[in-house]
Each structure stands twice: as structure tokens, then as C-alpha cells.
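Notes to accompany the following structure.
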């Protein structure tokens, strides 16, 4: 039975509407094959889509039930008569398929087919595929009218296929954009965690491992650290799936895993088939659940490897890609930054502790120890006075006890403020006068003092503390080693500098040849902190001159 022309036109309109409403390619191809078969009145219909190489990439049929299709087996690849249609951009009608010179027969269980009609699916000069129809109802040959209808259907199908292809491209690009935005968001979160004091290195590494798994579509991820002593890789973080925690702490011996190789080569790597890679550690692969594929990236700090980040078992029906590897390497770099920041922070804290201990040691040496030594000298003098001048000796002992009380206060002050009590109580000018008086009491020397109030008051509290400790150290050294008869201390303002001169007429010494102790080193460190200079020179006529210059703008 041949359909009237009006019914055919109606069917074509219906076909156009149906094709325009479909957005899934495989469903669309099935509808094209079924509509063409019904409109042209053929027993069988099919649509073949051409791939990039020109062969059939898709082949969707209508009119053959699933059981028959299963018995036939593999779908056509585009040889024989189908190949003729693929090679030509015009329709082909045959009364008997087997009579064509390119006919290659049918596979077992394939329905018997005689008549054949093929039409190209072309849009704007681009060939999408072919429309195939076979077995005209009633055993007749396909007519020219059937060919025209098939060409019209093929044209409609071409537009529909192009629309669906564009729709799928838009969806794919939208999904890709979503993935890119998710990646950027993850990178941003990791970067923010690196800059946030509240986020520990462990938190950053956990998040990096989880994001590596999520962004690459992996089922599991591990982050390993390199033990520089043993060369082992130690799994520190593992995410994804049950039993991931069992992997934490696993130690991989040197050169026994793919991660070792990646670390040694300092290059990220994709492994499509883990079980076939000779560098894979089989025991770890079993612990991971025997995933199919993996991706590995080294953790590098200034080209020095410190570990590896790996993902395993791609999901979502796609293997790991080069883009996934780039994402993995970026996260590995951020993880390396977190680890290095944690290491440097630890070293800085230790350095700060050492510097603080050194400062406290210097303060105690320059203040407390010198004060105790001064008290010791005073008590020695008291012993000689107890037989001949007991009252004077008793006063000296009382003064020593009072000085020891000051030492106790100094120690407490160093603990809480690390500033000498002498300066705190009396200021720089008064503190110098006290130290000079102690020198006179503990030696036979006569001391003179000339102080400029403007110079002593122009320094800040911290700078005053440094200056008084320098004065204490100098006067203590004079008392212990110089055996002077006269000592003079002069402080004045010279051209914006505090100038401190301490002269003695004692034995003198050469600073370049004398054994350096902590006292001299401490003085030099304090002078450097003041931004000043200290000269120790021999005096004409004997003795030593200590000359200290400190810029007064320090205290302004």
C-alpha cells in the first residue's frame, strides 16, 4: 500500500516536529530511523553517523527486534553497499542488494533484504551520516518519490542532528566550565588556608588530598612524605572509600613504588593500567582495592622532592586526562608550600627561643652576675675591716645585703620585663652614679663623673638599658683587671650623639690580643643594637679609654 501524498506530507511535518523536540543524540537517531521506515514504508531503517576518520562511528537501526540483533552480533562498520553510500554524497537505490558489485552478503541470523535506499545526511556542506532503508513493503522497488521523501527526511535529520550536537557541546562545555570553576574554587580555598593562621598544615594536606580525589574524579587519593634518612615514602593522608584510614602510616621502601619513580624523576605521570606497570607496588595496589588507573605528582620545594600526591581509580566513565594531571600537580605544589611553611615556622620559633635565651643570658651576665661580683668584692673588703673598724665593716655588710636585694629584684625584673631595676628606679644618670660609687667602694680608685642631663634623657627606655649594661661591663672589667688609681666617666651631647668616655690609669690591655669572653661580645652586640660605635684604645701615660657613641635620634 502506497501512502497518499497528503499523508506523506503530514508524516513529514510530524517527523520534523518530533525531530526538533529531541535533545539526546542516540534517541534522536532511533526516531529518525523509525520515522523514515514508517513514512517510506520500509521494513527496516537505520542511521549511520560518520566519525572523524570517515568510518561509521554510530549505527542505530529500526525494525529489528533485540533478540535478532543480539544473534547478529557486531554492528556494521561501513563496508559493502553501506560503504558506497558513505563514499558518495548522493542517494543510492537498488532493486536487489546482492546484485551490486560491492555487496558482501549478510552475517548469520540477519533478516533477508532485497531492495535498498540510501540517502546522505548533509547540512551546510558537512556530512553527518547516512539514512538507510531496506525491504520496501509488498516486495516492490523503492521509487523516485520514496527517494525524494528520504532526502527530505535526511535534510530534516541533518538539522536535528546538528542541533543536538551543538546542544551536547554546550552541555559539555558547561560541565567543563563547572569543573574549571570548582578547580579554581578549590585552589583558592587551599591558598586561603595557607594564609590563615588557624589552619594547620595537617588541615591543608587533608583538604588537598580530598580535592585531588574530587576534582580528578578519582575514587581514592593518598599524600605521601619522603623520609630523607631512610628514603621511604610514608602515607600521611588517605581519602576515599572504606578503609582509607588503614593506609595512613604505610611505609614504602625506596624504589618500590610508582610514587618513588615520580619523585625521583620530578615529573607527574598518568598510568592507564596500574596492574601492567612494572613500577607499581602490588601490595599497596591491593590495599587500594585494585583500581584500574592512577595519576601521580611529586611534591617539590625549590626542585627538592619531599613527597608525592596520587589519585587512583577514575570514575564517571572516563580515564584520567592530562588536565587531571595538571590539577593534581597544582594541588601537589600547594601541599608542598604548606609543608615548607610549617617547617620554616618551626625553625623560626626555635630561632626566636634561642635568641630570647641568648638575650636573657646576656642580660643576666651584664647585670646580675656583675652585681653579684661587686657584692663579693664589697664583702671581701668588709672582712678586713671587721677587726679594726667593725662598725664600718658592718655597714659594708648591710650595703651588700641591700645590693643582693637589688639583684633579686633585677632577676624578677628580667623575668617579667627584662629591664634592669637600676635603670627602672633611678634613670640612666642615676644608674651611672650608682655604678661609679660601687667602683669606688670596691677598689682604691678615685672616680669623677660628668653627666649631661640632656644626653641621658634623650634616649628611650630600651636604649638606656643597653647603655647602662655597657657601662656596668666596662666598670666591672676595670675593677677586676686594671688596678686603677683614677677613673673618670663623662657623658655629653656631641652633634646629635651621646658620647660616653670612660678613662682609667690602670694596667691597660690590647683588645685584639686578649681572650674574648661573653662580656666583650655582649657589649659589641648591644652597641650594634644601638646603631652606635665603641672604641677601646690605650691612653697616653697608661691605662685605657672606652669611647661609646650612640645616635640620640634613637630615643626620639
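Numbering (our numbering), first residue to last: 1 to 556.
A virtual CB, placed ideally from N, CA and C, is assigned to each residue, including glycine.
Query                                                                                                                                                                      : Result
For residue 300 and residue 521, what's the separation of their Cα atoms in angstroms?                                                                                     : 41 Å
Looking at residue 347 and residue 211, is the spacing between their C-beta atoms short of 8 Å?                                                                            : no
Taking DSSP's pairing of strands, which residues face residue 234 in a bridge?                                                                                             : 225 and 251
Within 10 Å of its beta-carbon, does residue 153 have 16 or more other beta-carbons around it, so buried, or fewer, so exposed?                                            : buried
What is the residue span of the beta strand (DSSP E) that residue 295 lies within?                                                                                         : 294 to 301
Contact defined as beta carbons within less than 8 Å: I believe residue 445 pairs with residue 486. What is the distance between those atoms, to the nearest angstrom?     : 6 Å
Quickly, what does DSSP pair residue 311 with across the bridge? List them, please.                                                                                        : 221 and 295
If you run the structure through DSSP and keep just helix, strand and coil, what is residue 94?                                                                            : strand
Please classify residue 504: is it buried, with 16 or more other beta-carbons within 10 angstroms of its beta-carbon, or exposed?                                          : buried
Please report how far the alpha carbon of residue 550 lies from the alpha carbon of residue 536, in whole angstroms.                                                       : 15 Å
Less than 8 Å between the CB atoms is what I'm expecting for residue 91 and residue 147, so what's the real figure, rounded?                                               : 5 Å
Could you say if the region 326 to 340 and the region 297 to 312 meet the contact criterion of at least three C-beta pairs nearer than 8 Å?                                : yes
Could you check how far apart the C-beta atoms of residue 467 and residue 428 are, in whole angstroms? I think they sit under 8 Å.                                         : 6 Å
Taking its Cβ as the centre, do 16 or more other Cβ atoms sit within 10 Å of residue 298, making it buried, or is it exposed?                                              : buried
Under three-state DSSP, which class holds residue 31?                                                                                                                      : helix
Within 10 Å of its beta-carbon, does residue 140 have 16 or more other beta-carbons around it, so buried, or fewer, so exposed?                                            : exposed
With distance defined between alpha-carbon atoms, name the residue in 118, 219 and 204 nearest to residue 340.                                                             : 204
Does residue 474 come out as helix, strand or coil in the three-state DSSP assignment?                                                                                     : helix
Return the chain-ordered list of same chain residues with a C-beta closer than 7 Å to the C-beta of residue 227, the five sequence neighbours on each side being excluded. : 234
Are residue 223 and residue 335 close, meaning C-beta to C-beta below 8 Å?                                                                                                 : yes
Are there 16 or more other CB atoms within 10 angstroms of the CB of residue 248, so buried, or fewer, so exposed?                                                         : exposed
What residue ranges within the region 476 to 507 form continuous alpha helix (DSSP H) runs of no fewer than 4 residues, ordered along the chain?                           : none
Can you tell me whether DSSP reads residue 112 as helix, strand or coil?                                                                                                   : coil
Pull up the CB-CB distance for residue 458 and residue 492, whole angstroms please, since I reckon it's below 8 Å.                                                         : The Cβ separation is near 11 Å, so there is no contact.
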